[in-house]
Amino acid sequence: MVRASAMVLDGYGINCPYETAYAVRASGGEAKIVHVGELIASPKILEEYNLLILPGGFSFGDDLGSARVLANRLRHGAGEALRGFIGSGKLVMGICNGFQALVKMGLLPVPDFRQRVTLTYNSSGKFEDRWVRLAINGKSPCVFTKGIEFLDLPVRHGEGRFVPSGKEVVEEMLGKNLIACQYIGPGGDVNTYPYNPNGSVGGIAGICDESGRVFGLMPHPEAYNHFTNHPLWTRNGGKGGEGLRMFRNAIGHIESCL
Amino acid sequence: MGNDACRIEVRPKGGLRDPGAASISAQVYELFGIRPKDVAIVRAYSICGSVSDEEAEMLGRELFADAVSEEFSAKEAFYPDYWRVEVGFLPGMTDNEGNTAREGIRDALGKEVEAYSSRVYALSADFDDDAVVGEIAKKLLANEVIQAWKISPPGEAAFEPYLPRVELDHAPVAGEIDLQVSDSELEAISKSRTLALSLEEMREIKAHYAKPSVRKERERMGLGKGATDVELEALAQSWSEHCKHKIFNAKIDYSEEGEGVEGRAERIDSIFKTYIQSATDEIRKPYVVSVFRDNGGIIRIDHEDDIAVKVETHNAPSALDPYGGALTGILGVNRDILGTGMGAKPVANINVLCFGMLGDKDVPKGCLSTRRIARGVVRGIEHGGNMVGIPTVNGSVVFDKCYAARPLVYAGTVGLMPHAIGGRETARKEIRPGYLAVMVGGRIGKDGIHGATFSSQQQLTTGIAGSVVQIGDPITQKKVIDMVLEARDLGLFEAVTDNGAGGLSSSIGELAQMSGGCEVWLDKCPLKYPGLDPWEILLSESQERMTLAVPEGKLQAVMELARKHGVEAAAVGKFTDSGKFHIFYGKNTVALLDMEFLHEGAPQMRLKAVWRKKILMPPNGLPADHNDALAALLASPNIASKEWVIRQYDHEVQGGSALKPLMGECAPSDGGVVRPVLGKKWGIAVAHGICPKYVEDSYLMALNAVDEAVRNAVACGARFGYLACLDNFSWPDPIKGPRNPDGDFKLAQLVRAARGMHDAAVAYGMPIISGKDSMKNDYYVDGSKYSINPTLLVTVVGKVEDVGRIASSDFKEVGDPIYVLGTTRLEMGGSEYFGAYGGVGEGMPSVNLKENALLYPALSRAIEAGLVRSVHDVSDGGLATAFAECAIGGGVGAELELSLISKETDEDAALLFSESAGRFIVSVREKDAFKFEKAMFGTKVKKAGRVRGDKRVVIRNRGNGLINKDVYELKDIWRGALKW
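In structure tokens form, the structure reads like this:
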């Protein structure tokens, strides 16, 4: 059995590597926090891992647009290594700022280094921290969301509004079930604020590529690692750290398929 | 073809809504009554360096504009037919976006260039003339303290780069100042150099330089008879109120006057020693690791981990540039924690803000509007916490007109540190002669010069503001935190401290006390731009810098680690045992001071304090229907939900959030609880108390603030008996003078507040582990003085043994019995209820420390036993308000019978709205009621209500209905009142 081994990127204002690495370990995998500078200096080190996670944060202060400079730096500095990593069937996950980076690098929804969609300023004009409910697309090839129907997670961002470059991109994503998760309100509606916290088109919260192995989402699964994270836990007693299910899925896939 | 400078503009693609522009449009209408036809915001970048037209196009495409949502122009201006207001930073201000652009260009082109950011606000409207646009620019779009702007009328848009370069045509020089002069000349020296030194202090310095031994030594070193400007500035910084807390350490003659006052008189030798330090000494808790001597206090949590805590104020800068002031405030207190012991990792932020009334249109001349201050401060705290990745777990906003000219911004941070690394205690710094002083982080510029002496000044005017206001850089700070903590774990340094007020002079100067001297090499310091005088390099408060004490053999490893993190580092001095503070600029000595004189030479102040009892009037008319009063209170700014602000702060980052500022949909928490070590079940509770409304008797103000903070911490599940507190005194000038005739009264209020702090801390067995004071919160303009009310913030941190047992404030399930804990008294003086109807009134809450010290540990134990389903402290707005909040949070109805509670009054209004301390509302499961009552045996606990099956909030006294409201109606009032 292959042991799941995650590279969790850090540095330049990425600010969730600690809890992201914890989430991997608590889900049964190994995790190492690696500075982006170290990866750029020797992209070959990526080969030692089978899961790459770009955690949340404010890389380069989100100046010039969220994750823009990080995306460029990774593309210029480690583009080939990333291509090889994805090509060999390994997994990539981008959370919040990491999702923004994947999208702006052009690794989602198609990992060919061409940007097709973006994440821009919330319709509310504000950074917001609130818990949302995600509806998971059961038909999606996404390996991270397998077996999950609904999941509550926190969002914490100012630039999470999903905008596609055109109709054909949406059609392709719909046709291939690349929309892995959507924000959903109590009535099943995906567009109503604050259940859709940022004005994302179609309530899109997370997408994957055709293989299902490259996945990005705005909400933070690593921040639901314990039952006391959920805002309702003092009312209903809470369930275990449900956000870990995504990490367990990834680890399960690595252990059984790689 | 290569250009020397170019410009790129970026805007959202057509059809894509820009919420920022919509907000500007709304504010133009709100402030100026003009409804623009269209508003757009253009991001502009000006680049100085050799960039070809093709390269500029490439940068626009790949770096500056988003391929999906934005478009760029490298040739001509967007919106040429609109009024264009371009806002950019003044030369020398930190331009984070410009700096990032420079890095991005390096990645893309492999070239070093200069890059500057600016914003163009394009307005389409029928303005009468450019004067209106000028007003909009000045009052809304730009802050003249930090920014410049340019207005282009329609059709006149230019496409010129905006290059705010610092060009100092100045050869650095150390000046000499003759101090053997008259008193009036001494005073003139202090004033003209913004030294904030009193005549007595100037005389002390003069006498020092006149000593034959000093003269002889200076002669030997080739120095003149006078002081160098470097020396005088270093002395002023080290002796400043900000750094030395002279008022807190003064000898004070205290007396009392007024009707019914016993006329107590006493002499106090240092408020700090008498009331603060002594309380901690008397309490002697085993978990106290380090108090008062470091940047923050440290307490033990378990066998592996300690926590460090510090709360600071950043008041003066926030008045001038709310965003930059609050941002540097929060980043500054993060650095305090990073510089405590061998360095702690920031794991939680706290912020408490005091503003004027949001609706007030008339603010003192020269002040920003309260709304603008509030918006800017909130954004600064948002960026400071969110970007660095520190959860903001607790805070509050207090509104009172006394803060209109001088808002208060309290920022606090909790840090986590291993108790020991490789057998070495992390609380202890150690410096041996020969260790190098290594500065890491940002470069030095003219920014922030005189911050320490400025905040110690008697007044705040905008005249000298240019150099004291600065903007923080959260990302550089994040990189510095990462680097320092990694260096700590690798054992690369033996001491660390932050560069805050006073810059290197303060950081190296203070660390040097451990080895007994230092050398500083000013020419080795990395500068933002050339042309700084030696004293400016030493005193600059440029942000995001730490100083490490590094053994020589480890310097290379430190430099390599800094490179990895993209952090600047330089060895800028050496610790010695020479007894001297010895500063070089190149080969020349520019300052040579005895360490002892620098740190201990300031003469102790002697001050007089007189307390005069005032008569306080209650309001004239109070409403007959208590439902109206409850609705008015729930909508009042000090009680209404702060959700609008809270949601802009990240409370989840680091993954350990357990009790958030809002639970469920909107239930307000009494404090915050986080698990800083994921995988362990203990947590840290953070709570606070602040009640400036009891200012007329500051002894009671302090008792109430401590009690409120403790109550909140206990309600959050912190164990009573495992608490520690911090005091932050923000005061108006307490030194009597011609412009400040009641200074002696304010000093008496300070004495009384400190005494209250002491008495409450001792009664609760709670050590005071750190504190800070901010003493000159006055604003003078056109012969008028605007002073804040004395304001004491008490912050409490405590250990939660098992976060899985704590409770939130919202009522849970139909039928749950409701208890009122503590005694309700006729204590309406200063209450929100009286305040809402225009009065203050006698009879402020007296705080029964003994009774509470029995109640709190019992409640702690009941929570730890898992018996408590909801708990909420009773404070602003009294029992009725707290009861309504519990129901609102749970979205349920509830009823309460006041005749059943523990009380010393039968007056309906007092039972509902009195703000007696020491009270909680608790609900439990029906099946746990007996166990709960047993756990609380011997305390003032009364079952007085239950959660209802309908949605009515009902309060009765002896069966008479006083309150009967729908919970959703109350929720809308409370939740919707405050947005800005």
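Note that the protein sequences, when read in sequence, are chains U and E.
Per the working numbering, the very first residue in the first sequence carries number 1400; after that it's consecutive.
Per the working numbering, the very first residue in the second sequence carries number 2; after that it's consecutive.
A virtual CB, placed ideally from N, CA and C, is assigned to each residue, including glycine.
Just so you know, these numbers come straight off a predicted model, no measurement behind them.
- Here E:P669 is bridged, per DSSP, to E:L663.
- Between the alpha carbons of E:W536 and E:K212 lies a distance of about 24 angstroms.
- Apart from the 5 residues on each side of it in sequence, E:R870 sits with its Cβ closer than 7 angstroms to the Cβ of A808, K813, D817, S924, V925, R926 in its chain, given in chain order.
- Look at the stretch 1544–1568 of chain U: the residues with a C-beta under 8 angstroms from a C-beta of chain E are P1553, R1555, V1562, P1563, S1564.
- For E:R204, the closest alpha carbon among the candidates E:K151, E:A592, E:G360, E:P604 is that of E:P604.
- Here the alpha carbon of E:C49 sits roughly 15 angstroms from the alpha carbon of E:E58.
- Between U:Q1514 and chain E, the shortest Cβ-Cβ separation is below 9 angstroms.
- In this structure, the alpha-carbon of E:G744 lies about 25 angstroms from that of E:G840.
- Considering only E:D363, E:F160, E:A632, the residue with the shortest C-alpha distance to E:Y404 is E:D363.
- For E:S24, a Cβ of chain U is located within less than 9 angstroms of the residue's own Cβ.
- Unbroken alpha helix (DSSP H) stretches of 4 residues or longer found wholly inside the stretch 833–918 of chain E: 833–837, 850–865, 879–891, 909–914, given in chain order.
- For E:F65, the chain U residues whose C-beta falls within less than 7 angstroms of its own C-beta are L1463, listed in chain order.
- At a cut-off of 9 angstroms between beta carbons, E:P165 makes no contact with chain U.
- In the DSSP assignment, E:W150 falls within the unbroken beta strand (DSSP E) covering 148–153.
- Along the stretch 803–821 of chain E, going in chain order, the ones with a CB nearer than 8 angstroms to a CB of chain U are V804, G805, I807, A808, S809, D811, K813.
- If you ignore the 5 residues before and after E:Q514, its C-beta comes within less than 8 angstroms of the C-beta of M596, H600, all in its own chain and listed in chain order.
- About 6 angstroms separates the Cβ atoms of E:H566 and E:D483, confirming a contact at the 8 angstroms cut-off.
- In summary, U:N1635 is exposed, with fewer than 16 beta-carbon neighbours lying within 10 Å of its beta-carbon over all protein chains present.
- In terms of Cβ geometry, U:S1610 and U:P1540 form a close pair [threshold 9 angstroms].
- Only those residues of the stretch 1599–1630 of chain U whose C-beta falls short of 9 angstroms from the nearest C-beta of chain E are listed: H1619, E1621, A1622, Y1623, N1624, H1625, F1626, T1627, N1628, P1630.
- Under the three-pair Cβ rule at 8 angstroms, the stretch 832–849 of chain E does not count as touching the stretch 774–788 of chain E.
- Excluding the 5 residues flanking it on each side, E:A762 has same chain C-beta neighbours closer than 6 angstroms at A280, I769, in chain order.
- About 15 angstroms separates the CB atoms of E:T824 and E:K944; that is not less than 8 angstroms, and the two are not in contact.
- One finds G1410, H1434, G1436 in chain U with Cβ atoms closer than 8 angstroms to the Cβ of E:H566, taken in chain order.
- The alpha carbon of U:E1418 has as its nearest neighbour, out of E:V379, E:R380, E:I42, E:I391, the alpha carbon of E:I391.
- E:R336 is the residue among E:R336, E:V399, E:Y838 whose C-alpha sits nearest the C-alpha of E:M547.
- Out of E:L979, E:V573, E:E56, E:R36, the CA that lies nearest to the CA of E:C7 is found in E:E56.
- A direct Cα-to-Cα measurement between E:L897 and E:I956 gives close to 5 angstroms.
- For E:K588, the closest alpha carbon among the candidates E:L635, E:E520, E:H243 is that of E:E520.
- For E:T329, no chain U residue has a C-beta closer than 9 angstroms to its own C-beta; the minimum C-beta separation is roughly 15 angstroms.
- A direct Cα-Cα distance of roughly 7 angstroms separates U:I1432 from U:A1420.
- Scanning chain E for C-beta atoms nearer than 7 angstroms to the C-beta of U:S1523 yields P20, reported in chain order.
- According to the DSSP assignment, E:T414 belongs to the beta strand (DSSP E) that extends over 409–419.
- Burial check for E:N621: the Cβ neighbour count within 10 Å stays below 16, so the residue is exposed.
- Across the set U:D1462, U:A1500, U:L1445, U:V1423, the C-alpha of U:L1445 shows the shortest separation from the C-alpha of U:S1487.
- Proximity of chain U to E:N387 at the Cβ level (cut-off 8 angstroms) is accounted for by F1457, F1526, R1555, in chain order.
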